[in-house]
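As structure tokens, the structure follows; a few thoughts come after it.
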Amino acid sequence: MIYISTAMAIKERVVQVFLKLFIKILARINNRRFLRIFFIISQIFKEEIKMNNALIIYFSKTNNTKKVALAIKKGLEKNGMNITIKKIDEIKEKELYNYDLVCFGSPVVHSLPPTPVFEFLKNNKKNYQDNGEVYLPAPKLPNKNALIFVTYSGPHCGISEALPVGKYIRQFFEHLGFNIIDEWYEIGEFHSWEEGSTKGTMGDIRGRPNTEDLALVELKTIQLTKSL
Ligand SMILES: Cc1cc2nc3c(=O)[nH]c(=O)nc-3n(C[C@H](O)[C@H](O)[C@H](O)COP(=O)(O)O)c2cc1C
447 MIYISTAMAI KERVVQVFLK LFIKILARIN NRRFLRIFFI ISQIFKEEIK
497 MNNALIIYFS KTNNTKKVAL AIKKGLEKNG MNITIKKIDE IKEKELYNYD
547 LVCFGSPVVH SLPPTPVFEF LKNNKKNYQD NGEVYLPAPK LPNKNALIFV
597 TYSGPHCGIS EALPVGKYIR QFFEHLGFNI IDEWYEIGEF HSWEEGSTKG
647 TMGDIRGRPN TEDLALVELK TIQLTKSL
């Protein structure tokens with residue numbers, strides 16, 4: 447019995463490695479017809495090609511987004527994924543396609559992405575575009591998934607202040623052919639403005655994201671990436 451299950455496990459692993467290699471080769475071929483073939487193959491073998499490489503990128507001024515990034519990391523680890531976590535300025539050119547899942551986190555600054563996030567997205571989109579890797583009408587690539595997370599305080603109008611940031615990041619990944627698995631909006635204390643953290647639309651948000659918020663993020667991550 448043990449021999450049979452070991453043999454089955456080895457067979458599964460060989461199939462996985464072979465398919466991943468095949469997909470990586472096809473992914474390098476810059477042609478829409480190949481991309482389609484590549485998509486069909488991945489759908490047929492969806493069960494065999496489990497995601498296991500994840501990149502978490504974040505920008506964080508006062509650590510709220512960093513805390514959420516670390517909670518996501520814990521969740522992904524519990525699902526047995528290999529995780530690389532980087533600040534936005536540590537990302538190398540063309541790095542994004544090296545992962546099955548990219549989690550991208552940003553705070554909200556004056557209802558918009560902060561300048562380093564905005565610049566990162568603008569420059570990277572241009573790089574991919576210049577390399578002919580942005581297609582019309584942005585076909586989805588297999589095994590390229592993105593999770594977007596935004597932290598915000600929403601002092602005046604709640605989540606409406608954060609949605610443009612999440613949507614801006616979302617369209618960036620969609621341009622690159624990523625499948626968006628979710629957008630999360632997490633409350634974070636406005637560290638430099640006490641009134642904004644106590645008397646705003648979201649109420650008293652001091653200390654957030656707190657232990658419960660982060661435990662929930664971890665749990666959501668486990669559930670979301672388990673079903674991929
Ligand atoms: C200069 C500045 C401007 C901000 N503007 C907004 C805003 O317009 N809307 C909002 O919801 N939160 C705003 N925030 C709050 C941050 O988005 C929130 O605290 C976030 O969690 C900070 O993340 P970080 O600690 O990772 O930098 C602002 C914070 C700062 C410091």
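If you count by this note's numbering, then the sequence shown holds residues 447 to 674, one letter each, in order.
Ideal Cβ positions, reconstructed from N, Cα and C, are used throughout, including at glycine.
Nothing here was measured: the structure is a model prediction, and the numbers come from that model.
Tell me whether Thr677, by its Cβ, gets closer than 8 Å to a heavy atom of ligand 1. The question about residue 677 has no answer here: the residues shown for the chain are numbered 447 through 674.
Terminal residues of the continuous alpha helix (DSSP H) containing Lys666? In the sequence shown, counting from the first residue as 1, residue 666 sits at position 220. Where Lys666 is concerned, the enclosing alpha helix (DSSP H) starts and stops at 657–672.
What is the rounded straight-line gap between the Cα of Lys533 and the Cα of Phe550? Residue mapping note: residue 533 aligns to position 87 of the sequence shown, counting from 1. Residue mapping note: residue 550 aligns to position 104 of the sequence shown, counting from 1. Each residue's alpha carbon lies about 10 Å from the other.
Under the three-state reduction of DSSP, which class applies to Glu629: helix, strand or coil? Numbered from its first residue, the sequence shown carries residue 629 at position 183. In the three-state reduction of the DSSP assignment, Glu629 falls in the strand class.
Please report the straight-line C-alpha distance between Thr667 and Lys645, rounded to a whole angstrom. Along the sequence shown, one-based indexing puts residue 667 at 221. Along the sequence shown, one-based indexing puts residue 645 at 199. Pairing Thr667 with Lys645, the inter-Cα distance amounts to about 31 Å.
Boundaries (first-last residue) of the beta strand (DSSP E) holding Asn499: As a working mapping, residue 499 is identified with position 53 in the sequence shown. DSSP places Asn499 inside the beta strand (DSSP E), whose first and last residues are 499–504.
Following the continuous beta strand (DSSP E) through Thr597, name the residue where it begins and the one where it ends. Residue numbering aside, residue 597 sits at position 151 when the sequence shown is read from its first letter. Segment 591–598, the beta strand (DSSP E) holding Thr597.
Straight-line gap, Ile502 to Glu641 (C-alpha atoms, nearest Å): Numbered from its first residue, the sequence shown carries residue 502 at position 56. Numbered from its first residue, the sequence shown carries residue 641 at position 195. Taking the straight line from one Cα to the other gives about 32 Å.
Terminal residues of the alpha helix (DSSP H) in which Leu522 lies: Along the sequence shown, read from residue 1 onward, the residue named residue 522 stands at position 76. Unbroken alpha helix (DSSP H) run through Leu522: 510–524.
For ligand 1, is there any heavy atom lying closer than 8 Å to the beta carbon of Pro553? Taking the sequence shown and counting its residues from 1, one reaches residue 553 at position 107. Relative to the non-hydrogen atoms of ligand 1, the Cβ of Pro553 comes within a distance shorter than 8 Å of at least one.
Going by other Cβ atoms of all chains shown within 10 Å of its Cβ, with 16 needed for buried, is Trp639 buried or exposed? The residue given as residue 639 occupies position 193 in the sequence shown. The C-beta of Trp639 has fewer than 16 other C-beta atoms within 10 Å across all chains shown, which makes the residue exposed.
Are there 16 or more other CB atoms within 10 angstroms of the CB of Asp535, so buried, or fewer, so exposed? Mapped onto the sequence shown, residue 535 falls at position 89. Exposed, since its Cβ has fewer than 16 Cβ neighbours within 10 Å.
In terms of alpha-carbon separation, which member of Pro585, Asp650, Ile633, Lys512 lies closest to Asn625? Here the question's residue 625 lines up with position 179 in the sequence shown. Ranking the options by Cα distance to Asn625, first place goes to Pro585.
If you measure between the beta carbons of Lys498 and Lys672, is that distance less than 9 Å? As a working mapping, residue 498 is identified with position 52 in the sequence shown. As a working mapping, residue 672 is identified with position 226 in the sequence shown. What sits at residue 498 in the sequence shown is Asn, not Lys. Cβ distance not < 9 Å, so Asn498 and Lys672 don't count as in contact.
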